[in-house]
Each structure stands twice: as structure tokens, then as C-alpha cells.
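J.: Pasting a structure below so you can have a look.
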Amino acid sequence: MKQTESVGSLQMAVLFLFFLTGSSIVIIPSPLTSVAGSGAWLSLLLALLLGMAMLAVLLYVHRAGGGRPFIAYTRSALGGPLTWFVMAPFALLLFWNVAGIVIEIGFFFKSTMLKETPTYAVNGMLFLIIALTVRAGLETMARMAALLLLLMFGFVALILVLVSGLYRIEFLLPILPEGIKPILHGAYIAYGFPYAELFIFAVLLPHVRAREAGRISRHLYIALAVNGLTFVCAILGSLMVLGPLTGELKYSLYQLARLIYIREIVERIELVIGFSLIVGFYFKTAIALLILIKLLAALLRLQDEQLLTFPVALICFLLSLTTYTTESATEQIVNVTWPLLTTLAYAAPVVLLAVVLGFKAMADTS
Amino acid sequence: MTMEADSRSLAGEAPIAAELASNQKAMTEAFSNSADLIVQRWRFGALPGQEVLAVYLDTLVDSKLIARLQEQEAFQHLLLHRIAEYEDRDEVERAPSRPMPDEAPLWQAGTIVGTIRASVGAVLDGKTVIFLQHQTRAFTFDTMDVEQRHTSEPITEPSVQGPQRSMIEDLERNIGMLRNLLKSPRLRFDYRIAGKESRRKIAFGYLEGAVQPDILEAFLCRVKGIEQEEIVDTSYLEACVGGDRTTPFPQVRYTERPDTAVLALLDGKIIALVHGSPTVLICPVHFLEFFTSSEDYYCRPVFSSLIRMLRMAGFLIAFMLPSSYIALSAFHSELVPTVLLLAILKSREGIPFPALLEALIMEFFFELLREAGLRLPRPVGSAVSIVGALVIGQAAIQSQIASPVMVIVVALTGIASFAFPQYNMAIAVRLLRFPLMLLAATFGGLGIMTGLLLVYLHLSSLRSLGQPYLSPLAPLQSGRLRRMFLSIAGPRQAKASSAPKGGRGGR
Amino acid sequence: MSERLGCLLLIAVLIAWADASRFKKSDRRGRRLYLMLWGPAIYLGWLFVTELSGPNVDTVFGWFTPAAQRIVHWFEGGAKG
Numbered sequence: 001m002k003q004t005e006s007v008g009s010l011q012m013a014v015l016f017l018f019f020l021t022g023s024s025i026v027i028i029p030s031p032l033t034s035v036a037g038s039g040a041w042l043s044l045l046l047a048l049l050l051g052m053a054m055l056a057v058l059l060y061v062h063r064a065g066g067g068r069p070f071i072a073y074t075r076s077a078l079g080g081p082l083t084w085f086v087m088a089p090f091a092l093l094l095f096w097n098v099a100g101i102v103i104e105i106g107f108f109f110k111s112t113m114l115k116e117t118p119t120y121a122v123n124g125m126l127f128l129i130i131a132l133t134v135r136a137g138l139e140t141m142a143r144m145a146a147l148l149l150l151l152m153f154g155f156v157a158l159i160l161v162l163v164s165g166l167y168r169i170e171f172l173l174p175i176l177p178e179g180i181k182p183i184l185h186g187a188y189i190a191y192g193f194p195y196a197e198l199f200i201f202a203v204l205l206p207h208v209r210a211r212e213a214g215r216i217s218r219h220l221y222i223a224l225a226v227n228g229l230t231f232v233c234a235i236l237g238s239l240m241v242l243g244p245l246t247g248e249l250k251y252s253l254y255q256l257a258r259l260i261y262i263r264e265i266v267e268r269i270e271l272v273i274g275f276s277l278i279v280g281f282y283f284k285t286a287i288a289l290l291i292l293i294k295l296l297a298a299l300l301r302l303q304d305e306q307l308l309t310f311p312v313a314l315i316c317f318l319l320s321l322t323t324y325t326t327e328s329a330t331e332q333i334v335n336v337t338w339p340l341l342t343t344l345a346y347a348a349p350v351v352l353l354a355v356v357l358g359f360k361a362m363a364d365t366s
Numbered sequence: 367m368t369m370e371a372d373s374r375s376l377a378g379e380a381p382i383a384a385e386l387a388s389n390q391k392a393m394t395e396a397f398s399n400s401a402d403l404i405v406q407r408w409r410f411g412a413l414p415g416q417e418v419l420a421v422y423l424d425t426l427v428d429s430k431l432i433a434r435l436q437e438q439e440a441f442q443h444l445l446l447h448r449i450a451e452y453e454d455r456d457e458v459e460r461a462p463s464r465p466m467p468d469e470a471p472l473w474q475a476g477t478i479v480g481t482i483r484a485s486v487g488a489v490l491d492g493k494t495v496i497f498l499q500h501q502t503r504a505f506t507f508d509t510m511d512v513e514q515r516h517t518s519e520p521i522t523e524p525s526v527q528g529p530q531r532s533m534i535e536d537l538e539r540n541i542g543m544l545r546n547l548l549k550s551p552r553l554r555f556d557y558r559i560a561g562k563e564s565r566r567k568i569a570f571g572y573l574e575g576a577v578q579p580d581i582l583e584a585f586l587c588r589v590k591g592i593e594q595e596e597i598v599d600t601s602y603l604e605a606c607v608g609g610d611r612t613t614p615f616p617q618v619r620y621t622e623r624p625d626t627a628v629l630a631l632l633d634g635k636i637i638a639l640v641h642g643s644p645t646v647l648i649c650p651v652h653f654l655e656f657f658t659s660s661e662d663y664y665c666r667p668v669f670s671s672l673i674r675m676l677r678m679a680g681f682l683i684a685f686m687l688p689s690s691y692i693a694l695s696a697f698h699s700e701l702v703p704t705v706l707l708l709a710i711l712k713s714r715e716g717i718p719f720p721a722l723l724e725a726l727i728m729e730f731f732f733e734l735l736r737e738a739g740l741r742l743p744r745p746v747g748s749a750v751s752i753v754g755a756l757v758i759g760q761a762a763i764q765s766q767i768a769s770p771v772m773v774i775v776v777a778l779t780g781i782a783s784f785a786f787p788q789y790n791m792a793i794a795v796r797l798l799r800f801p802l803m804l805l806a807a808t809f810g811g812l813g814i815m816t817g818l819l820l821v822y823l824h825l826s827s828l829r830s831l832g833q834p835y836l837s838p839l840a841p842l843q844s845g846r847l848r849r850m851f852l853s854i855a856g857p858r859q860a861k862a863s864s865a866p867k868g869g870r871g872g873r
Numbered sequence: 874m875s876e877r878l879g880c881l882l883l884i885a886v887l888i889a890w891a892d893a894s895r896f897k898k899s900d901r902r903g904r905r906l907y908l909m910l911w912g913p914a915i916y917l918g919w920l921f922v923t924e925l926s927g928p929n930v931d932t933v934f935g936w937f938t939p940a941a942q943r944i945v946h947w948f949e950g951g952a953k954g
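So the protein sequences, as listed, match chains L, S and A. With this note's numbering, letter number 280 in the first sequence gets 280, and the count goes up by one each step, no holes. With positions in the second sequence counted from 1, the corresponding number in this note's numbering is that position plus 366. With positions in the third sequence counted from 1, the corresponding number in this note's numbering is that position plus 873.
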């Protein structure tokens, strides 16, 4: 009766790349630089390595599950009650994750382009289009992703190229003035946001078309590598232009865009670029919301997952308006608490699953 | 009325009677005594068996041809002596004895029918039905001559280079034109008769081997119930074939040029023609096709690629220019270069309305002007439209209802929307401009962004006969995109099929 | 405050209208879950409209903050040495 949606392996990788890059590309350079200075890109590479390891665990779990839906093989591995115990925090964190991205966009707009519009109006508009996108379904979203991705990356590249006249290589040194700990700190932040969030893709991976399932590992690793490379470029670009100020100014890419000035015609284009960067936020949130309703529908054994879209979106919308309404509070949670939260709620269940499935596999073969 | 129709249809299955009188009565009743139905007795001699009953519709037939036939000896001989010998025309060809030399063409233009219903159908098709004494079969002869438009220049799709023919209202002649341009045995046509009362002949055509099987299947599924519908024009077919009706975007395309139809067939599309309409329906269609026109293939690839990009730019302008102006002037004035900004502000001095209202008023008048221009008779048309445009533009500026910049914006938008080759897409864009303007006025750049994303989302979820509407943009297919915009692939080749049937291959 | 309430009511009506056909088509379980989701939504909506700060997700996250801060201190402690 209900046709399971399926997407190609490459399309899944595009969604993956989008999710990892979407909001982080604008936000990431600043907190990393404020703790790790010019070594921020090293932090990122470390986090990327960790990300690769996490992807390996994710892929292992997915393959060990035999292509079945995430909750299905979790239930068979852990049993009903333990699944609930483990997945409830997962779902709860994901609720706020969705809200959190929109909170970030809200602040972005408020501080830059739409200073007068009230937060609930901006967030409301965004949630409207996010919910409608999720309603269109996974296949439609996968179709939309490629062009939006090119748009986003195109603008990032455009910014980095247009400010190249302002690059000062000397800002990249010194790299490790205060030892390794700041680098590790930066890696810790980057691990929390966005890499540890990749575990939620466990919900989507079973939707890859069966005949392309063999290629998914390769595609996802490539996506992760592209993501890392893009981050490094963004960090290096920000460092080379903004220097020591990178850590102080939020939304580094936007700050770079503000500095673009070519004769008198191409100036103040940060508005256009700002709106284009929103595409990344919007689509990432849509992916996260889609994952959330799929997770909830599977957990609660609901047939029609799309029924949940609007209420869940409404809850996330209200969360975005009632929690962490000040920028400092948001900064605090993202930089301090988030890595711990994602480790406990996202990583721990999947790692646990990996261990259990691993033991089961060993027991089966012996 | 319906009871008579029922009894008529019951009588329709009745076989032809051996008596001329009862046949005469049956045919007259079937046509409700219509004044243009001619029922005549023709006598070819004094004997009782040499009388026949001819039935035809005066308004459909060529009366000169009928008069000539009555004189022809071969025709008389055929009717009085030959028809009795054979069950049907095919038997004639198998018979050992050859018919008289003059008879052969007469046989070819006629058929033998056995029921009243078949006779009625033949008369409606412009044939003359001739009932014979003591025969339970009748001979029908093609005598149709109805006023036809000659093929002429395409009215709605003019082009600079390339053939200047357009299709006419006759189904067979149109199919003939297509076959003349595409001489492939794999070009296949299916006929249907639609509607109980209108009995329109409809044809579906496709190039076997080029069209994908799943598309064909989807299409045939959609047109299953077509016999029940009263089809007056090709656009009525859109309701069956077109799929989603809640979208402003068209999922089929129309053309009246045979060369465009042939190109579509070569591309693996299915076309539909209706007798009485010069327009051909083409499906499935995807969004980017609305920016192509057959003229692209008559120019050099570089030029046609550039012109396609120009059309896309036109689309974006037609869609986004008014809203961008509103957003820029109301929300984001810092984005405009200072010199231009000063000019805009100076020109907007004294305008009592906010930008949105100004834009809505001007756009509304422009749309009104456009619609009015369509309906004006030709002698009056051009004068009124020029005066109207001048008056509205000039007067609006002088009375300070609109600023010069706004008039320019509206004019540019109008011009850009005329650059579309396809009318039904142009309408969609005209409609969608207005919600986008409202969004821009409320939320500025964010509103435009949201509007664009919503349109993109909507287009991505549309399908035309099961094919994604936005392909090759979504899902992204770089090869097809490149070919579409850069036309580097070289001379055009017909789509090769995955499982080629017999006959000529590839080309 | 009233404009917030008005906004929320409008949104609620729109959602109800958009979901009406889906809701009717789904089974008892679906309907129950759907209505249950409105619980937290109403609570959060009330928090939003009244601008109170009741217990919320951030309260839950707040329980982990001390532990998180200790981790971060460890990173920073070495550097400031």
C-alpha cells in the first residue's frame, strides 16, 4: 500500500553533504578560531578524522542491520524497552536540533539583514517552507538537493574568490603558540557540531535503492571529505582576511562577503549572499525534520509518517521561540554543552548498537 | 429527447432491410428529419430492380461528384450487378474474375456496410450511402468536401527561419503533413473516437522505439476513458493527460507547427491531435522545454544556446523584477548603488503610495491592457494599444500615481514575458508574480527567497506523465543540461531505443 | 502578547485545515498520536505567548552543563598553564 521511498546512492550522499555543511559553513570558523587561533584548521582536520571513524561505525551498523529500517533492526538487537530507553533521548535531542538551526538563522537575520522583523515572523516563515518541503517527501527532497547544493557551494566559492585580494598569509601563523590543548578544544567543538550529528543519518540510509547499496560507503566518505575540505577552505579564508578578529566576529563567511568591493557596482552584496546561504540552513533543517518524523513514526509504529510533519514542525517552531532566546545562551550551549549532548544521545546509542550487533555477528559465526 | 435517442440506437443495430422503404424510414428517423439530409431514389432503368436509395448530408458532400457518379456507367453496373456477388470488398480482390476496368477506383473509394448504425456513421463522415433493392447490404462511397483552411503561416508561433507551415483543422491532412516530414515506419498512430454526440476523431502518435515504455503506458492509462468525454479542442485533452490540476504550471505543451511536432516525436514524446483543431498536444514535457523553440535548431548552436539563456533571463526578470524592486526600495535600499538609489528616490518623490501598491496598480493596468489587446478587432487594435500604453504610462507619471522607474519595471516585465515561446507557461508566470510581490513587500529579501524556494519545491514535486518536471535540473543530469544549453553534441540524432524493434534503426 | 496569540491561533487553524483529510484517513493510533503531539505544542505555545520561562528542553540540557563545563575547563586549563 505505502510505497517506500528510495533514492539513489549519490543523492543520499548529496543529502549527507548538505546536512553536514548547511549551517556549519557559516558558523564554524568563528568559535574554532576563538579557542584555537590560527590552528583552527588543524582542529577541523582532527575532528574530520573523528568524523570518518564515526561514519565507519554508522556504516557498519547500517550494513549489519541488513538494509532494514533503523528502528526495526535496533528493536531486534536491543529489544523493545531498551530501544525506547535509548531512542527517547535521541528523538528529544533531535527535536531541539531542528529548533536550534532555526534559532541560528533567526539570530543571523536579526543581526544582519532583517533587524526590524520580529523573530517569530522570521522563524515562522522558515518553518512553513521547511514543513512543506518535508511534506513533499524524501524523493522530492533528494531531487531538489543537487541544484541547491551547487548554489550554496557556488556562493561560498564566489565569496572566497572575490575576497582573495585581501588575503594575508601571515595571519596563518603562528600555529601552535599555546600548545596542543587549544587545538583539541577546537576539535571538540567541531566534533559536536556538526560531525557527531551524522549519526542521525542511520534513519535515512535504509532508503537507498537496493541495487545501489554497495556504493553508499564510498559516496558517503567522499561527501565527508568534500565537507572537510570546504570547511578548511572557509577557515583558512576567514583567517587570512580577518586575522585575529575571526574569533570575535560571528558568521565569518558573511563578514567576508561584507568586505567585497569591486568598483562601486559590486558592493554590499552580502545581502544577496546572505540570502543564498540561508538555503543551506533551510535544507539542513528540512533533512533533520524529515529524519525526526521518520524516527517518531517508526518508534510509535505509525503508518502515515507525514501526518506528524506539521505538529512536530509546530513544536520545533515553538521551541525555537522559547529556548535560548539570547545569543549568549545559544553560544554557550553550542560551544560547551552540545558535544556532550550529542555524544550521549546520538553517538552512544549507535555505538551501543554497533557493539551489540558485532557480538551477535561473532556469536553467529562461531 | 433521450428516449428517442435510445430507440434510435436500438434501431441502429438493426440490419439493413431488403426493402428500400423501410431503410428510408430508418435513416430519416436516425437523423431526426434534419433538413440537410438528402434521401433520393435514383433510377437507372425502368425495371424495379434498377432503383437505388441514396442517402447523404447535403452540407458535407460534393454535389458535383454525386451528379457525375449518377452518370457513370461503371458506377451503375457496380451497384446493380457487382455488389450482390460479393460479401465485402476484400472478396473482390480474391475473386478470380476481374471486375471491369473502370470499376477498380470505385471499389477503392467505397465500402460495404450491413447495419443502419454503420450507415449513419458513414453519412456523418461525408459519405453517400446507397441502399439496393433486395440487398441487406449497402454501398458507401466517399464524397466528402468540406471547406478547409489551406495550410498557412503559423499564427501563434512565427519564426524567422525554418518552414512556415502550420497545421489545419483536418486530422488526416495534419497526420499527412507529419508523415511527410518524418518518413519512418516506426511512426505509429492510434485512433480513438471521443464523445457520444461529438464523435470526434482523435489520434495519438509516437515513434515506436524512441518513446519509453513506461511513459507510453502511463499515457495510455490516462486516456482510457476518453471515449466518454466530449472533446471539442485539443486543450480538452489536457484535463485527462495533464495530471495535477492544482498547479499553475502546464504539464503539456502545444504547437501548431508540424516541424515542432516532428522534433518532439524524435525526442520520444507522445503527441495528440484532434479533428477540428490545428493544435497538437505534446507530452510529457519538462520545465526547461518551455524555453526551447523549434527555431533553435535552424540557427547555429552557439546562437541558440545564447538565446535560450536569454529566455531564461527573461523568465527570471518577468518573475522577479517587480518583487525585487519592491524589496530593494522598501527593505534593502543599501544594496542599490548610491547613484541609482538617488535617481530612484528622486523619481519616487511625491508618490503617495508605497511601492507595493504602486506596483500592483501598474501591473494590474498592464494585464488589463494585454487582455484587451487580444480581443480588439484588427483595425482598431494597434491604434488603441499604442494610445493606451502612452496614455497610461505618460499620464500615470504626470499624475504622480506611478514613478518612471515603476513604469520601466512594469514594461520590462511585460516584454520579458512576451519572450516565452509558450503561452501557457507565460500565464503561469504572470500569475505567480503577484504572490511574490506580496511576499517581498512583507518580508523583503527573505520573502523573495521563501517564494523562490516554494516555487522550486512545487516544481520539484510535479510530474508530467510520471517524469520529474524539473529534470534535468532536479534530479541533476549534467549531460542533458549541457546538451540543452550548449548544444555541443553535434547534429541531432533520434533517441535510440533500448530495445530497437525491426525496421530501420537509429536515425 | 495578543499579536503572538493571534499568530499562533492562525497557525493552528492552518495546520488543522491542512491535515484534516490526512487525519480522517488515518487509523485510531494515528489520530491518538497526532492529538497527543498537540499537548507539548500547546504548552510551549502558552510559554511563548505569556513569555514565562517554565520548564523546557533547555532545563533538561541544563542538567548536563556542569559536566560539560568541566570537560571544557580541562581543555582550557592546560592552555592557561
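Even for Gly, the Cβ is constructed at its ideal location relative to N, Cα and C.
1. Determine the burial state of A/MET874: buried for a count of at least 16 other Cβ atoms within 10 Å of its Cβ, exposed for fewer.
2. Can you confirm whether L/HIS219, when its beta carbon is compared against all beta carbons of chain A, has any partner nearer than 8 Å?
3. Chain S partners of L/TYR282, CB-CB under 7 Å?
4. With three or more C-beta pairs closer than 8 Å as the rule, is the stretch 55-67 of chain L touching the stretch 232-251 of chain L?
5. What's the call for S/TYR789, buried or exposed, on a 16-neighbour Cβ count within 10 Å?
6. Within 10 angstroms of the Cβ of S/HIS641, are there 16 or more other Cβ atoms? Answer buried if so, exposed if not.
7. Looking only at DSSP bridge pairs, what is S/THR494 linked to?
8. I want to verify the contact list: residues of chain L whose CB lies under 7 Å from the CB of A/GLY918, in sequence order.
9. Going by CA-CA distance only, name the one from L/PHE199, L/SER252, L/GLY274, L/LEU296 that's closest to L/LEU20.
10. S/SER485: buried (16+ other C-beta within 10 angstroms of its C-beta) or exposed?
11. At what residues does the beta strand (DSSP E) containing S/ILE478 begin and finish?
12. List the residues of chain A that L/TRP96 touches, going by C-beta distances under 7 Å, in chain order.
13. Do the CB positions of L/ILE278 and L/ILE105 come within less than 8 Å of each other?
14. If I follow the unbroken alpha helix (DSSP H) through L/THR342, where does it start and stop?
15. CB of S/GLY575 to nearest heavy atom of the ligand ZN: below 7 Å?
16. Out of L/VAL102, L/GLY65, L/PHE85, L/LEU94, which has the shortest C-alpha to C-alpha gap to L/LEU280?
17. At a CB distance below 8 Å, what residues from the stretch 789-812 of chain S approach chain L? Give them in sequence order.
18. So, is L/HIS207 buried or exposed, given that buried needs 16 or more other C-beta atoms within 10 angstroms?
19. Would you report the Cα separation of S/GLN416 and S/GLN501, rounded to the nearest angstrom?
20. I believe L/THR133 touches L/ALA297 by the beta-carbon criterion, under 8 Å. Please report the beta-carbon distance rounded to the nearest angstrom.
21. Hey, could you find the ends of the beta strand (DSSP E) S/VAL418 is sitting in?
22. Contact criterion: CB-CB distance below 8 Å. Does L/TYR346 meet it with respect to chain A?
23. Could you name the residues of the same chain whose beta carbon sits closer than 6 Å to that of S/ARG374, not counting the 5 residues immediately before and after it, in chain order?
24. When the Cα atoms are used, what is the spatial distance from S/SER398 to S/ASP424?
25. Here's the rule: buried if 16 or more other CB atoms are within 10 angstroms of the residue's CB, otherwise exposed. What is A/ALA889?
26. Which of the three DSSP states, helix, strand or coil, is assigned to S/ILE854?
27. Kindly give me the distance between the Cβ atoms of S/ARG623 and S/SER660, rounded to whole angstroms, as I take these residues to be in contact under 8 Å.
28. What do you get for A/ALA909, buried or exposed, if any count of 16 or more other CB atoms within 10 angstroms of its CB means buried?
29. Chain L beta carbons: is any one of them nearer than 8 Å to that of S/MET675?
30. Within 10 angstroms of its Cβ, does L/ALA13 collect 16 or more other Cβ (buried), or is it exposed?
31. Got a sec, what are the start and stop residues for the beta strand (DSSP E) L/GLN303 sits in?
32. S/LEU735 by DSSP, collapsed to three states: which one?
33. Is L/LYS2 close to chain A? Criterion is C-beta to C-beta, closer than 8 Å.
34. DSSP on S/LEU553, reduced to helix/strand/coil?
35. Tell me, please, which residues DSSP counts as bridged to S/PHE570.
36. Does the stretch 749-767 of chain S come within contact of the stretch 677-695 of chain S, defined as at least 3 CB pairs closer than 8 Å?
T.: With the given structure in hand:
1. Counting of Cβ neighbours within 10 angstroms places A/MET874 among the exposed residues, the total staying below 16.
2. False, the Cβ-Cβ gap to chain A never drops below 8 Å.
3. Within chain S, the residues near L/TYR282 are LEU819.
4. Flag = no, the stretch 232-251 of chain L and the stretch 55-67 of chain L do not touch.
5. Burial call: exposed.
6. S/HIS641 should be labelled buried.
7. S/THR494 pairs with S/PHE507.
8. Per Cβ cutoff of 7 Å: LEU318.
9. When each option's Cα is compared against that of L/LEU20, the closest is L/PHE199.
10. Answer is buried; the Cβ neighbour count reaches 16.
11. Here the beta strand (DSSP E) through S/ILE478 covers 476-479.
12. Listed along chain A, the residues sitting closer than 7 Å to L/TRP96 by beta-carbon distance are VAL930.
13. Less than 8 Å separates the beta-carbon of L/ILE278 from that of L/ILE105.
14. Here the alpha helix (DSSP H) through L/THR342 covers 338-342.
15. Annotation note on the ligand ZN: not contained in the displayed structure, which lists no ligands.
16. A small fix is needed here, since residue 280 of chain L is Gly in this sequence, not Leu. Nearest of L/VAL102, L/GLY65, L/PHE85, L/LEU94 to L/GLY280, Cα basis: L/VAL102.
17. Considering only beta carbons, the part of the stretch 789-812 of chain S lying closer than 8 Å to chain L consists of PHE809, GLY810, GLY811, LEU812, in chain order.
18. In summary, L/HIS207 is buried, with 16 or more beta-carbon neighbours lying within 10 Å of its beta-carbon over all protein chains present.
19. About 12 Å.
20. Actually they do not touch by this definition, with Cβ atoms about 17 Å apart.
21. Residues 417-423.
22. For L/TYR346, the answer is no, since every Cβ of chain A falls outside 8 Å of its Cβ.
23. Low per-residue confidence applies at S/ARG374: pLDDT is 43, beneath 50, and the placement is therefore not dependable, though the value from the model is reported in the following sentence. Taking C-beta separations shorter than 6 Å and ignoring five residues to either side along the sequence, the partners of S/ARG374 in its chain run ALA396, following chain order.
24. Approximately 15 Å, taken between the alpha carbons.
25. It is exposed - the Cβ of A/ALA889 has fewer than 16 other Cβ atoms within 10 Å.
26. Per-residue confidence for S/ILE854 stands at a pLDDT of 47, beneath the threshold of 50, marking its modelled position as unreliable; no derived number is given.
27. Going by Cβ atoms, the distance from S/ARG623 to S/SER660 rounds to 6 Å, so yes, they are a contact pair.
28. Here residue 909 of chain A is Met; the residue named in the question, Ala, does not match the sequence. Under this definition A/MET909 is an exposed residue.
29. Cβ-Cβ to chain L under 8 Å: no for S/MET675.
30. L/ALA13 comes out buried.
31. That residue, L/GLN303, is in no beta strand (DSSP E); it is neither H nor E in DSSP.
32. Correct three-state label for S/LEU735: helix.
33. Note that L/LYS2 scores a pLDDT of 44, beneath 50, so its modelled location is shaky; the value from the coordinates is reported in the next line. Output row for L/LYS2: interface = no.
34. Three-state DSSP puts S/LEU553 in a strand.
35. Answer is S/ASP556, S/ALA638.
36. Between the stretch 749-767 of chain S and the stretch 677-695 of chain S there are fewer than three inter-stretch CB-CB distances shorter than 8 Å, so the stretches are not counted as touching.
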